[in-house]
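J.: For the sequence shown, our numbering begins at 276 and goes up steadily by one.
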Amino acid sequence: MSELNIEALEKAGKVATDVLTFAKDFVKPGMKVLDICEELEKRILSEASGMSFPVNVSINEIAAHYTSPENDDTVVPENSIVKIDLGAHVDGRISDAAISVAFNDEYYKLIEVVRDAVELAVSMIRPGVETGKIGEEVYKFVRSKGLITLRDLQGHQIERRKLHAGKTIPSVPYPFSDRIEEGEIYAVEIFVTTGSGSIHEDITKKYIYSLNESYRARPRLKISRKVLSHVRSAYKTLPFARRRVVKALGGTAILGLKELNDIGILRDYPPLIENTKAPVAQREVSVIVESDGAKVYAGLL
């Protein structure tokens, strides 16, 4: 397992865990989401090589992928449930972790069930286990509590500079399974809801992008070429926030991002919304697969 650079992974994991621990008490109703993103990102960047992706602050029925754009006035509502998803990297070795915080007692069950579901999944991880079996047991557990998992969002394998590296760990029964191997790294990620278990993208909000490694097109606009050069240098293949590119290059960078996205050089990650607008809770930890089980190196259980 020496090729994994355990020291770098554990440092990235500690940064993510420490910032999540801070966020748990820092986030309050009435706060601007932009201020939360900026504060948590500042803390990550002060201790790590960079962020694995922009800090996500997803509220109520927004399951994932909301980070503030520039000049965002969105605030954390009273009586809400907030998902905080973040990660750090050290020389490309990635951590990925998330918690949910609730400002209404009716959401505590969601948070307890998703935490217990992640613990169940982690306890099942070991070499030779089929990922579909984990999904089946997680799904049965969550359904036994009167809730349902989000079927389209899954845990995922992690590799150096690759947040989603191939194998997945579902949270529903799945006909196609991957087999877990020693030395692999996974983000064990589960979402639960009182709703339908289905999601859709809000394509009107594109605030997160990443570079498409297989792109072949050539951008027409000068600002697009400038944005592309900046992204290659600053983020490589990892996701990044629109607001950070705008801060670095100015407001015209939005035109460049749009062209690069339109011609396939950049992928976009719009916010993901529960179809019935039901509240969603999330929990996530990162693990290293060892010979006798999974070692959590990032996140809170």
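From the three backbone atoms N, C-alpha and C, an ideal C-beta is built for every residue, glycine too.
Excluding the five sequence neighbours on either side, which residues of its own chain have a C-beta within less than 7 Å of the C-beta of Val397, listed in chain order?
T.: What you label residue 397 is simply residue 122 of the sequence shown in a count that begins at 1. So the list reads Val463, Val560, Val562, Ala569, Val571, once near-sequence residues are dropped.
J.: Just verifying my parser: in three-state terms, what is the DSSP assignment at Pro402?
T.: Along the sequence shown, read from residue 1 onward, the residue named residue 402 stands at position 127. If DSSP states are grouped into helix, strand and coil, Pro402 belongs with coil.
J.: On the criterion of 16 or more Cβ atoms from any shown chain inside 10 Å, does Arg495 qualify as buried, or is it exposed?
T.: Counting from one through the sequence shown, the residue named residue 495 turns up at place 220. Result: exposed.
J.: By Cβ distance, which residues of its chain are closer than 6 Å to Ser566, with the 5 residues on each side in sequence left out?
T.: For the purposes of this step, residue 566 is taken as the residue at position 291 of the sequence shown. Counting only Cβ-Cβ distances below 6 Å, and skipping sequence neighbours, we find Glu457.
J.: Rounded to the nearest angstrom, what separates Asn335 and Val376 at their Cα positions?
T.: Within the sequence shown, numbered from 1, the residue matching residue 335 stands at position 60. Within the sequence shown, numbered from 1, the residue matching residue 376 stands at position 101. C-alpha separation (whole angstroms): 10 Å.
J.: Looking only at its chain, what residues have a beta carbon closer than 6 Å to the beta carbon of Arg500, apart from the 5 residues adjacent to it on each side?
T.: As a first step, residue 500 must be located in the sequence shown, where it is residue number 225. Contacts found: Pro494.
J.: Is the beta carbon of His364 less than 8 Å from the beta carbon of Ala339?
T.: The residue you call residue 364 lines up with position 89 of the sequence shown. The residue you call residue 339 lines up with position 64 of the sequence shown. Cβ atoms of His364 and Ala339: not closer than 8 Å.
J.: Closest by CA to Lys289, which one among Leu309, Met326, His505, Val308?
T.: Translated into positions along the sequence shown, residue 289 becomes position 14. The residue with the shortest Cα to Cα distance from Lys289 is Met326.
J.: Would you mind stating whether Leu438 and Ile369 have Cβ atoms separated by less than 8 Å?
T.: Here residue 438 is taken as the residue at index 163 of the sequence shown, counted from 1. Here residue 369 is taken as the residue at index 94 of the sequence shown, counted from 1. Yes; because the gap between Cβ atoms is below 8 Å, this pair is in contact.
J.: Please report the straight-line C-alpha distance between His505 and Ile281, rounded to a whole angstrom.
T.: On the sequence shown, position 230 is the one that residue 505 refers to. On the sequence shown, position 6 is the one that residue 281 refers to. Roughly 29 Å separates the two Cα atoms.
J.: So, using beta-carbon positions, are Leu513 and Thr468 closer together than 8 Å?
T.: What you label residue 513 is simply residue 238 of the sequence shown in a count that begins at 1. What you label residue 468 is simply residue 193 of the sequence shown in a count that begins at 1. No, the pair does not count as a contact, with Cβ atoms beyond the cut-off.
J.: Going by beta-carbon coordinates alone, are Thr577 and Val350 separated by less than 8 Å?
T.: No answer is possible for residue 577: it lies beyond the span of the chain, which begins at 276 and ends at 576.
J.: Measuring only the C-alpha atoms, how far is Arg519 from Ser419?
T.: Here residue 519 is taken as the residue at index 244 of the sequence shown, counted from 1. Here residue 419 is taken as the residue at index 144 of the sequence shown, counted from 1. Arg519 and Ser419: Cα-Cα distance of roughly 43 Å.
J.: Look at the alpha carbon of Val417 and the alpha carbon of Leu309, and state the distance between them as a whole number of angstroms.
T.: By 1-based counting over the sequence shown, the position of residue 417 is 142. By 1-based counting over the sequence shown, the position of residue 309 is 34. The straight-line gap from Cα to Cα measures roughly 32 Å.
J.: Identify which residue in Lys511, Lys286, Lys415, Asn550 has its Cα closest to the Cα of Asp391.
T.: Walking along the sequence shown from the start, residue 391 turns up at place 116. Nearest C-alpha to Asp391: Lys415.
J.: Measure from the alpha carbon of Lys299 to the alpha carbon of each residue in Lys307, Leu279, Pro352, Ile359, then state which is nearest.
T.: Residue numbering aside, residue 299 sits at position 24 when the sequence shown is read from its first letter. If we check each option's Cα against that of Lys299, Ile359 comes out closest.
J.: Between which two residues does the beta strand (DSSP E) harbouring Thr468 extend?
T.: For this step, residue 468 is matched to residue 193 along the sequence shown. Start and end: 460 to 468.
J.: Which runs of the beta strand (DSSP E) fall wholly inside the stretch 331 to 370 and span at least 3 residues, in chain order?
T.: Runs of the beta strand (DSSP E) inside the stretch 331 to 370: 331 to 334, 337 to 339, 356 to 361, 363 to 365.
J.: So, under 8 Å CB-CB, Asn536 and Lys481 are touching, yes? Tell me the CB distance rounded to an integer number of Å.
T.: Mapped onto the sequence shown, residue 536 falls at position 261. Mapped onto the sequence shown, residue 481 falls at position 206. That belief holds up - the Cβ atoms of Asn536 and Lys481 are roughly 7 Å apart, short of 8 Å.
J.: Nearest by alpha-carbon distance to Arg507: which of Asn354, Pro450, Leu532, Leu428 is it?
T.: For this step, residue 507 is matched to residue 232 along the sequence shown. With distances taken between Cα atoms, Arg507 lies closest to Leu532.
J.: Could you tell me the distance, in whole angstroms, from the CA atom of Glu548 to the CA atom of Lys317?
T.: To locate residue 548, count along the sequence shown from 1; it is residue 273. To locate residue 317, count along the sequence shown from 1; it is residue 42. Note on residue identity: the sequence assigns Ile, not Glu, to residue 548. Going by the C-alpha atoms only, they are around 27 Å apart.
J.: Look up Ala372 in the DSSP assignment and say whether it is helix, strand or coil.
T.: As a working mapping, residue 372 is identified with position 97 in the sequence shown. In the structure shown, Ala372 sits in a strand (DSSP, three-state: E or B).
J.: With 16 other CB atoms within 10 Å as the buried threshold, where does Glu459 fall?
T.: Working through the sequence shown from its first residue, we reach residue 459 at position 184. Counting Cβ neighbours within 10 Å, Glu459 comes out buried, since at least 16 surround it.
J.: Using beta-carbon positions only, say whether Ala573 and Asp371 come within less than 8 Å of one another.
T.: As a working note, residue 573 is residue 298 in the sequence shown. As a working note, residue 371 is residue 96 in the sequence shown. Against a cut-off of 8 Å, the Cβ pair of Asp371 and Ala573 comes out as a contact.
J.: Would you identify the three-state DSSP class for Glu394, choosing helix, strand or coil?
T.: The residue labelled residue 394 in the question sits at position 119 within the sequence shown. Three-state DSSP puts Glu394 in a helix.
J.: Just reading off the alpha helix (DSSP H) that Ala509 is part of, what are its end residues?
T.: Within the sequence shown, residue 509 is the residue found at index 234, counting from 1. 497 to 509 is the extent of the alpha helix (DSSP H) around Ala509.
J.: Please report the residue range of the alpha helix (DSSP H) in which Arg519 lies.
T.: In the sequence shown, residue 519 corresponds to position 244, counting from 1. Unbroken alpha helix (DSSP H) run through Arg519: 517 to 524.
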